[in-house]
Amino acid sequence: AGPNLLELLVESDPASYQVGDILMGKVERVLPGLRCAFVALALGRAGFLPIDETRYSELFVLDAARGAGDRNVGRALQVGSPILVQVVRTQEGNKGPKLTQRVALTSPLIVYVPSGQGVSVSQKIKDSATRERLRVMGLALLKGHAGALIFRTLAGRATDAELTQGVHGLFDQGASLAAGSKRTQTIRCVEAGLRAPLRWLTAWQNPNLTAVTVDNEADFNDIQDYLKSVQGEMPTLVRVQADAARVHQQDLQAKVERLLDRRVALPSGGYLVIDETEALVAIDVNTGFFVGSGTVEHSYVQTNLEAALAIPGELRLRQLAGIVVIDFIDLVQREDQQLVREQLVQALANHGLRCAVSEMSQLGLIALSRTKLGPSLKRSIDLKNTGGEDPKAWAQRLFGMSPASQLQDWLVGFQQELDSGHAFMIEVSANAATLRALLDDPMFLQVSGQPGVCVTVQLQADQGTGLRIKVNGQRVALSVGDSDVA
360 AGPNLLELLV
370 ESDPASYQVG
380 DILMGKVERV
390 LPGLRCAFVA
400 LALGRAGFLP
410 IDETRYSELF
420 VLDAARGAGD
430 RNVGRALQVG
440 SPILVQVVRT
450 QEGNKGPKLT
460 QRVALTSPLI
470 VYVPSGQGVS
480 VSQKIKDSAT
490 RERLRVMGLA
500 LLKGHAGALI
510 FRTLAGRATD
520 AELTQGVHGL
530 FDQGASLAAG
540 SKRTQTIRCV
550 EAGLRAPLRW
560 LTAWQNPNLT
570 AVTVDNEADF
580 NDIQDYLKSV
590 QGEMPTLVRV
600 QADAARVHQQ
610 DLQAKVERLL
620 DRRVALPSGG
630 YLVIDETEAL
640 VAIDVNTGFF
650 VGSGTVEHSY
660 VQTNLEAALA
670 IPGELRLRQL
680 AGIVVIDFID
690 LVQREDQQLV
700 REQLVQALAN
710 HGLRCAVSEM
720 SQLGLIALSR
730 TKLGPSLKRS
740 IDLKNTGGED
750 PKAWAQRLFG
760 MSPASQLQDW
770 LVGFQQELDS
780 GHAFMIEVSA
790 NAATLRALLD
800 DPMFLQVSGQ
810 PGVCVTVQLQ
820 ADQGTGLRIK
830 VNGQRVALSV
840 GDSDVA
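Numbering-wise (the numbering used here), the sequence shown opens with residue 360 and increments by one.
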């Protein structure tokens, strides 16, 4: 049902910093032995700043070569000194955000790095003449200015005038940022990064994108302003009405619930089991009930190929990164092992995932690493779901499809009976966390406040995650995604 879901972003807590935020912090500790520093910030935990992400990484290498300890780095990064940084990975749990001193100012066409050097062109621009035009133009625009320019994919379709205007706008932004940081060095957020919808649009840069569907006014206005700022052929912006938005939410809710399940079905009957740990992500490939029509080895190869095709999509949707270890079914033939690895590498590229991929080991393991920009989907939900509610029930409330809202929809079908004076006795039983969430749901108050409707709640003695609802003594089946619900 509905179009395929390729990517899902859960926006971080607004009380924490987002990727792209530019901050004024204060050096709290410098640890040359660990090649890092910690920076005190206005919100949350201290940020983690690798020495390689500072302007002083060369000093560190020089100190090490001379056996000078941390003399130069300590002199350059002094504890208590103000420092301008940018968030490259959001805070997660007890780990503060990862920072860089190489601030990047971004527009839909160009990225300007004031502390960088040279001109780069997106690899997605294949035409050699266009690449050379952008490179020459970038070098000309940089004359008299420090920094580096990176031309993004959409720059290949822009005119010289549009690019010149965009570059000078970023130069002005950089000058304003530098002046402001010198003028006021108190710990603060100097410039907020883009919100999730715009961050996704600027990163997507896909010429095949034809339409953007939005279901709320704030995002519609933000995206409309963004599209006006980008020249050339851009996607159509569509605002959906309330009824259509509800259908869209139901479809999306079902897909999110699937992503919260550790088990993923494969086309021929095999399946994946995906487990997140603190250190890595483990993915186990299983044949399940698939036996195939050929040899056992052929069945193993087919299941592994299906897994290699499915895994990149799951990594992207579940926002899994860091070290990922895949336990494929053991294969005897070296050429079969290579075939599975090649399928995986190609599928990763098709999903736009940049990963370092190992060879398949004798144990059938392939390890890959992917840069981590923030928490996984499950972790994002856990961080927001502070009440300990069942994750699937929490996801339903996130999309406006809570049991209370579904119950309200169910009662609408009996509006005539309500108007005629019929009474509805609704009995709800659930665990403490789910009941708390239900009682806090404004829709639940709307249901219980209707004339002719009486609602009673009961705490489940077994403290399970299920939610049971009866109306006039009969169990009501709501699509809340939990096996205990009927």
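Glycine residues also receive a C-beta, built at the ideal position from the N, C-alpha and C atoms. Remember, predicted model here, so these are calculated numbers, not experimental data.
Exercise for the section: Please state whether DSSP places Gln696 in a helix, a strand or coil. Expected result: helix
Problem - Beta carbon of Gln661 nearer than 8 Å to that of Ser735 - result: no
Practice task
Report the rounded CA-to-CA distance for Gly628 versus Thr730, giving the unit in angstroms.
Solution key: 32 Å
Practice task
Pick helix, strand or coil for Lys483, following the three-state DSSP scheme.
Solution key: It is coil, neither helix nor strand.
Problem - Thr561 versus Val480: straight-line alpha-carbon distance, rounded - result: Between Thr561 and Val480, the C-alpha separation is close to 16 Å.
Handout entry: The beta strand (DSSP E) enclosing Gln809, as first and last residue numbers
Key = Where Gln809 is concerned, there is no enclosing beta strand (DSSP E), given that its DSSP letter is neither H nor E.
Practice task
Could you say which of Val526, Ser487, Asp486, Val446 lies nearest to Leu553 if we only look at CA atoms?
Solution key: Val446
Practice task
Measure from the alpha carbon of Ala667 to the alpha carbon of each residue in Glu637, Ile682, Ala706, then state which is nearest.
Solution key: Ala706
Problem - Unbroken stretches of the alpha helix (DSSP H), 4 residues or longer, contained in the stretch 632-695 - result: 655-677
Problem - Start-to-end residues for the alpha helix (DSSP H) that takes in Leu529 - result: 519-542
Handout entry: Check whether Leu408 and Gln450 have beta carbons under 8 Å apart
Key = no
Problem - Close beta carbons around Val704, own chain, < 8 Å, minus the five adjacent residues each side - result: Val716
Handout entry: Coil, strand or helix - Ser739 by DSSP
Key = helix
Practice task
Report yes if the CB atom of Thr523 is closer than 8 Å to the CB atom of Leu500, and no otherwise.
Solution key: yes
Handout entry: Alpha-carbon spacing of Leu421 relative to Val615, whole angstroms
Key = Confidence in Leu421 is poor, its pLDDT being 47 and thus under 50, which makes the residue's placement unreliable; the coordinate value appears in the next sentence. Looking at the backbone, the Cα of Leu421 and that of Val615 are separated by about 50 Å.
Problem - Burial state of Met784 (16 or more Cβ within 10 Å) - result: exposed
Problem - Straight-line Cα distance separating Asn645 from Gln817 - result: 41 Å
Handout entry: Cβ distance (whole Å) where Arg511 is taken to contact Leu468 below 8 Å
Key = Taking the Cβ atoms as the reference, Arg511 lies roughly 6 Å from Leu468, within the contact range of under 8 Å.
Handout entry: Presumed contact (8 Å Cβ cut-off) between Gln532 and Ala507, rounded CB distance
Key = With 8 Å as the limit, Gln532 and Ala507 do not qualify as a contact, their Cβ atoms being about 15 Å apart.
Practice task
State buried or exposed for Glu718, treating a residue as buried only when at least 16 other CB atoms are found within 10 Å of its CB.
Solution key: exposed
Problem - Residues that Lys454 bridges to, as DSSP identifies them - result: Glu451
Practice task
Could you give the DSSP three-state label for Gln476: helix, strand or coil?
Solution key: strand
Handout entry: Cβ distance (whole Å) where Ile682 is taken to contact Leu631 below 8 Å
Key = About 17 Å separates the two Cβ atoms, so there is no contact after all.
Problem - Contacts around Leu712, its chain only, beta-carbon distance under 8 Å, and the 5 residues preceding and following it disregarded - result: Pro671, Leu674, Arg675, Arg729
Handout entry: Straight-line Cα distance separating Ile582 from Gly528
Key = 20 Å
Practice task
Within the same chain, show all residues whose beta-carbon is closer than 8 Å to that of Asp380, passing over the 5 residues directly before and after it, in chain order.
Solution key: Gln445, Val446, Cys548, Glu550, Ala551, Gly552
Practice task
Pick helix, strand or coil for Thr595, following the three-state DSSP scheme.
Solution key: strand
Problem - Environment of Gln437 [buried if 16+ CB atoms lie within 10 Å] - result: Gln437 should be labelled exposed.
Handout entry: Residue closest to Val369, alpha-carbon to alpha-carbon, out of Leu596, Ile740, Val655
Key = Ile740
Practice task
Indicate whether Ala570 and Val526 have their beta-carbon atoms separated by less than 8 Å.
Solution key: No, these two residues do not count as a Cβ contact at 8 Å.
Exercise for the section: Could you work out which residue in Arg404, Ala399, Leu443, Glu387 is closest to Val412 when comparing CA atoms only? Expected result: Sequence check: residue 412 is Glu here, not Val. Ranking the options by Cα distance to Glu412, first place goes to Leu443.
Practice task
Output the distance between the C-alpha atoms of Leu618 and Ile642, rounded to the nearest integer angstrom.
Solution key: 14 Å
Practice task
Using beta-carbon positions only, say whether Gly723 and Leu690 come within less than 8 Å of one another.
Solution key: yes
Problem - Limits of the unbroken beta strand (DSSP E) element including Leu727 - result: Leu727 -> beta strand (DSSP E) spans 724-729.
Handout entry: Coil, strand or helix - Ala427 by DSSP
Key = The predicted position of Ala427 is uncertain, since its pLDDT is 48 and thus under 50; a value taken from the coordinates is nonetheless stated next. Coil, per DSSP.
Handout entry: Proximity below 8 Å, CB of Pro473 to CB of Gln544
Key = no
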